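One structure below.
Number of protein chains: 2
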Amino acid sequence: MTVPPGRRERKKAATRQKIAGTALRLFLERGYDAVGIRDVAAEADVAVTTVFSHFASKEALVFEQDAGFEQRLTQAVAHRGPHEPLLPALRREIHALVRHCTADSAAPLWRMIGESAALRQYEESMRLRHAQSLATAIAAGLGLAQPTTACRTIARFVIDAYSLAREAADPQAAVDEIFSMIEAAWAVARPCTESSR
Amino acid sequence: MTVPPGRRERKKAATRQKIAGTALRLFLERGYDAVGIRDVAAEADVAVTTVFSHFASKEALVFEQDAGFEQRLTQAVAHRGPHEPLLPALRREIHALVRHCTADSAAPLWRMIGESAALRQYEESMRLRHAQSLATAIAAGLGLAQPTTACRTIARFVIDAYSLAREAADPQAAVDEIFSMIEAAWAVARPCTESSR
DNA sequence: AACGTAACACTAACGGTTAGTGTTTAAGAA
DNA sequence: TTCTTAAACACTAACCGTTAGTGTTACGTT
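Residue numbers (our numbering), protein chains in the order written: chain U, 1071 to 1267; chain H, 1071 to 1267.
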């Protein structure tokens, strides 16, 4: 990522990029369901098996960059200021993520995702994985080895905020509204004392 | 459902029941992924296309009876006492549902579901649909034609409670813990006045 | 220069799902 | 009763995502 380490890895990254780019272009041109894996492979001039050696599934071609989503959330928890409370940090991050995917430039992509049942379902289970990672990160921030039910619950609620805000009329306002609810829930849940430990 | 209306519909229901029963038995015997639709069809002595005319997908064979889940939740909201508050009614229903599916007799089924990625993913998106129905029911109970963001949020949280409690060490206690968090969130969300309108 | 390995290609298949095309059977009209 | 119609069911054949098996190149390393 920082320095090109070798021709081999550069070629691999180039192939991956070519496949993802071709796929996204075809999907947006003709519709996700109307484009087959064999079409993508032919257009990118690779074999079908090569597509699946770079991407675990057809849906993964669309959510290629969303590996960063999980990282941004867990790092928002782990790398926050030493005395900054948990939820404002998460609220800021969710705000940014919602703004990012409700931007005009992202509109065609998200319209396509909303129109395909397979893509919606894939995104949902992606979010669940994110919620689990976030729960672990929250627990770690509280000095816990295993996430408690309260940690898991708050993590789910935060991920819900992202999903719900995106489909609201005013996404930014919705983030604030939902987070005020999460704040109240969190205040009830935690014992309020052992936040350092 | 109340009275058998005709031979034709009885036969149809019998075929459906035979397919679902056969499928569930084979799945539990040999494992979900090890049993193909063609196996189910052969064992139930019907054609493959007949299976798909009764069930939308292979996964739907497993969640056959969970059409009642959605109904139980929305009716818990709609048919509650005239002055009974919303969340205690939902809490009671979630308690019952969690108890139902953590019973010993249901253990093999839910172990199978947990072991198959396809089934877990299917259940997740089923729950999302339930959350949408619940949001509509909650809004209707408040005299709203369209669910607000707060309604949708509470509905999601309630569904989350069901999912999270099931995987907790003490499911019944987890329901209570999560619902105390939801109560706090709901208290913040609603304007507190126009509950009749 | 030779070797080991990772990326890639090709074929063939598997399993879920659907389209197309009948065939039976029961419900309701004549 | 008989006729009509529509629904349930069967069968074939295919489509599509995905994977296993088996090479073949081309890079990094020694």
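The beta-carbon is built from N, C-alpha and C at its ideal position, and this holds for glycine as well.
As the structure is a computational prediction, the values presented were derived from the model and not from experiment.
Asked                                                                                                                            : Found
Supposed close pair Asp1230/U, Asp1136/H - CB separation, criterion 8 Å                                                          : That pair is no contact at about 21 Å.
Coarse secondary structure for Thr1172/H, derived from DSSP in three states                                                      : coil
Test item: CB-CB of Gly1211/U and Val1147/U under 8 Å                                                                            : yes
Buried versus exposed, by CB contacts within 10 Å (16 or more), His1153/H                                                        : exposed
Cutoff 8 Å: Arg1086/U Cβ touching any chain H Cβ                                                                                 : no
For Arg1077/U, the three-state DSSP class (helix, strand or coil)                                                                : helix
For Pro1178/H, the three-state DSSP class (helix, strand or coil)                                                                : helix
Alpha carbon of Gln1141/U to alpha carbon of His1170/U, nearest angstrom                                                         : 15 Å
Stretch-stretch touch, CB-based, cutoff 8 Å, three pairs: the stretch 1231-1240 of chain U with the stretch 1244-1251 of chain H : no
Buried versus exposed, by CB contacts within 10 Å (16 or more), Arg1200/H                                                        : Per the sequence presented here, residue 1200/H reads as His, with Arg not at that position. By the 10 Å Cβ count, His1200/H comes out buried.
Straight-line gap, Ala1126/U to Val1110/H (C-alpha atoms, nearest Å)                                                             : 28 Å
Proximity test, Cβ basis, 8 Å: Gln1191/H and chain U                                                                             : yes
Nearest to Arg1190/H (by Cα), restricted to the options Ala1177/H, Gly1138/H and Phe1133/H                                       : Phe1133/H
Proximal chain H residues relative to Met1251/U, where beta-carbon distance stays under 7 Å                                      : Thr1223, Ala1255, Val1258 and Ala1259
Residue environment, Val1121/H, which counts as buried when at least 16 other CB atoms sit within 10 Å                           : buried
Contacts of Ala1215/U in chain H (Cβ-Cβ under 9 Å)                                                                               : Here the premise fails: no neighbours, minimum Cβ distance about 15 Å.
Under 9 Å (Cβ pairs) to chain H, residues found in the stretch 1165-1180 of chain U                                              : none
Separation of Ser1186/H from Met1196/U, as counted between CA atoms                                                              : 16 Å
Local conformation of Val1110/H per DSSP, three classes                                                                          : helix
Proximity below 8 Å, CB of Ala1257/H to CB of Ile1224/H                                                                          : no
Burial state of Val1082/U, where buried means 16 or more other Cβ atoms lie within 10 Å                                          : Note on residue identity: the sequence assigns Lys, not Val, to residue 1082/U. Its Cβ having fewer than 16 others within 10 Å, Lys1082/U is exposed.
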